[in-house]
Amino acid sequence: MYLPSLLRSLGRMGIRVLALASPLFLTGCDFFNAIWRMDGHQSTIVVAGPVARAQRDLFYVTCWVTLVIFIIVGAVLAYATIKFKARNAADEHAEPPEQGHGNPLVEISLIAASVFALVIIAIPTLKAIWYTYDVPEAEKANAYEVTATAYQWWFKFEYPGEPIENVGPLSTSNELVIPAGRPVHINLRTVDVIHSFWVPKLAGKVDMIPNRGNRLWLQADAPGYFWGQCAEYCGDSHAVMRFRVIALGKDDFNAWLAAQKATARTVTATAAAGQPRAQFAALKEWKRNEPGYTDKYDRPDLSPLDNWKQMQAPNPNEDAALIAQGRKLFQEKTCIGCHTIRGHEGVGITGPNLTHVGARTTIAAGLLENNPEQLARWIRHPDQVKPGNKMYNGGYIDVKTRKPNFTLTDADVTALVAYISSLK
Ligand code: CUA
């Protein structure tokens with residue numbers, strides 16, 4: 058009577074084991090990928106660089122070893138459950154079968170098997186720890202250096218190899234642009250609490266710890282657009298502390314660097330409607346699974362990378378008068394105290410550098426799409442989008458009195474949006 062239900066639960070368990078083990082069959086296998094949807098934006102299974110690949114392969118090794126242990130232990134348990142089950146009233150009151158103790162052969166075999174399993178896991182683990190710790194020696198000369206600094210709740214990215222005269226290293230925020238096919242050495246810093254830097258498709262998480270320099274390295278196999286995320290609880294808006302990594306081919310990357318080093322664009326009535334930069338003008342349609350394609354973003358007709366490239370070009374319908382008004386409001390409403398806009402009035406360093414913010418695909422630390430609608434939403438209600446942030450607490454309102462420091466009318470917001478969007 059109990060046997061059929063036991064078999065049924067064993068069957069159900071088998072299905073669960075298959076479901077859990079399915080990642081094991083994924084490598085190079087689109088069929089399982091399609092079924093289990095393992096290629097999300099933050100997939101650690103469908104990866105795009107050697108560091109993430111080493112970490113994924115290590116995960117597979119651990120999975121295989123534990124799967125073998127699970128099957129052996131499960132089989133012995135199932136055998137014992139069926140074989141020694143009480144089958145009638147007499148069985149239930151019978152003496153237990155003779156118990157075995159201290160069989161040296163069994164005990165030594167079990168210890169040896171455990172040690173063997175641990176060694177199988179330990180060797181690739183140690184190799185992966187050494188490999189992922191820093192750029193391999195042979196590649197060091199080719200490595201590109203970036204410094205990532207975490208703030209509650211956004212990321213600053215600096216390029217020590219790209220100094221700007223009288224300013225310091227080139228600095229940007231929330232969208233890290235890197236050369237594809239080249240190792241990138243990232244110094245990890247924080248100005249406040251512990252954060253963690255994580256780009257699942259490129260490299261696993263490493264903490265950013267106060268007063269301690271950490272590092273990681275990553276490399277993108279090909280140009281692409283990747284999703285990143287703070288992976289250590291860091292306060293109210295930890296869950297919305299995101300970022301992007303954009304990997305570009307050599308020419309695109311150099312063009313991007315040159316554009317970023319320039320001071321902020323000034324739109325005048327005669328020079329409005331700037332021309333798209335030549336290197337980004339030729340857009341290519343990417344197909345799914347083609348190198349460079351990651352997933353669709355806010356433009357369903359464009360890949361995220363092409364959408365990013367589109368963002369580099371100035372909007373052809375710019376209103377110079379409105380932009381000038383926005384620039385004036387940016388000073389009057391004290392935005393300049395916290396944000397740098399190099400070449401314009403902004404000099405603050407509390408918030409993200411906005412010199413070329415209009416050329417990013419996202420705002421509010423990778424949370425909202427960078428379009429006029431979302432920009433207006435963010436400027437109007439930063440506290441609702443990202444609770445606890447300093448732009449609201451201390452900027453919009455006085456922290457002590459909770460009274461507004463200033464008010465923004467709808468017209469103010471429209472002008473500010475026009476100005477910020479023009480900063481390509
Ligand atoms: Cu920063 Cu969580």
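Going by the working numbering, the letters in the sequence shown line up with residues 58 to 481, in that order. Even glycine gets a Cβ: it sits at the ideal position worked out from N, Cα and C.
query: Distance, P181 Cα to N160 Cα; result: 33 Å
query: R113 burial status per 10 Å Cβ neighbour count (16 or more: buried); result: buried
query: For R144, the three-state DSSP class (helix, strand or coil); result: coil
query: Alpha-carbon spacing of I168 relative to A174, whole angstroms; result: 10 Å
query: Contact test: E18 Cβ vs ligand 1 heavy atom, cutoff 7 Å; result: The displayed coordinates of the chain run from 58 to 481. Any statement about residue 18 would go beyond what the structure contains.
query: Sequence-distant residues of the same chain with beta carbon closer than 8 Å to G292, five excluded per side; result: Q209, W210, V250 and G445
query: Bridge partner(s) assigned by DSSP for T489; result: Residue 489 lies beyond the stretch modelled for the chain, which goes from 58 to 481, so this question has no answer here.
query: N-terminal and C-terminal residue of the beta strand (DSSP E) that E430 is part of; result: Counting along the chain, E430 falls outside any beta strand (DSSP E), though it belongs to the alpha helix (DSSP H) covering P429 to R437.
query: Through-space distance from V172 to I165, alpha-carbon basis; result: 11 Å
query: Where R113 sits in the DSSP three-state scheme; result: helix
query: Collapsed DSSP secondary structure at L425 in the structure displayed; result: strand
query: DSSP three-state assignment for K197, whether helix, strand or coil; result: helix
query: Cβ-heavy atom distance, M448 to ligand 1, below 7 Å; result: no
query: Cβ shell of L259 (< 7 Å), same chain only, five flanking positions each side left out; result: A105, G106, V108, A109, L275, A277, F283 and V302
query: H252 vs R272 beta-carbon contact at 8 Å; result: no
query: Contained beta strand (DSSP E) runs [length at least 3] in the stretch 211–294, N- to C-terminal order; result: 211–221, 225–230, 232–236, 241–247, 252–256, 260–265, 271–275 and 281–287
query: A433 beta carbon less than 8 Å from that of V474; result: yes
query: Spatially closest choice to E155 from T323, Q441 and F141, by CA coordinates; result: F141
query: Cβ-Cβ distance between P414 and L314 below 8 Å; result: The displayed chain sequence assigns Val, not Pro, to residue 414. No. Outside cutoff.
query: Segments of 4+ residues assigned as alpha helix (DSSP H) that fall wholly inside the stretch 353–390; result: 361–368 and 377–389
query: Cα-Cα separation between S228 and V125, rounded to whole angstroms; result: 50 Å
query: Proximity to Q369 [Cα-Cα], best of D309, L379 and L425; result: D309
query: Within the stretch 146–207, ranges of the beta strand (DSSP E) (whole runs, at least 3 residues); result: none
query: Spatially closest choice to P257 from P193, A111 and K366, by CA coordinates; result: A111
query: Endpoints, the alpha helix (DSSP H) within which L305 is located; result: That residue, L305, is in no alpha helix (DSSP H); its beta strand (DSSP E) goes R299 to L305.
query: Secondary structure of I454, DSSP reduced to three states; result: strand
query: Reference E194; option with closest CA among I235, P240 and T391; result: P240
query: For I102, three-class secondary structure by DSSP; result: coil
query: Pair within 8 Å by beta-carbon distance, Y422 and M298; result: The sequence shown places Ala at residue 422, not Tyr. Result yes, Cβ atoms of A422 and M298 sit closer than 8 Å.
query: Sub-8 Å separation of L362 and P280 beta-carbons; result: yes
query: DSSP state of P461 mapped onto helix, strand, coil; result: strand
query: Sequence-distant residues of the same chain with beta carbon closer than 6 Å to E215, five excluded per side; result: T204, P226 and S228
query: Rounded straight-line distance, which links the Cα of V103 to that of R144; result: 50 Å
query: Three-state class that DSSP yields for T419 in the structure shown; result: strand
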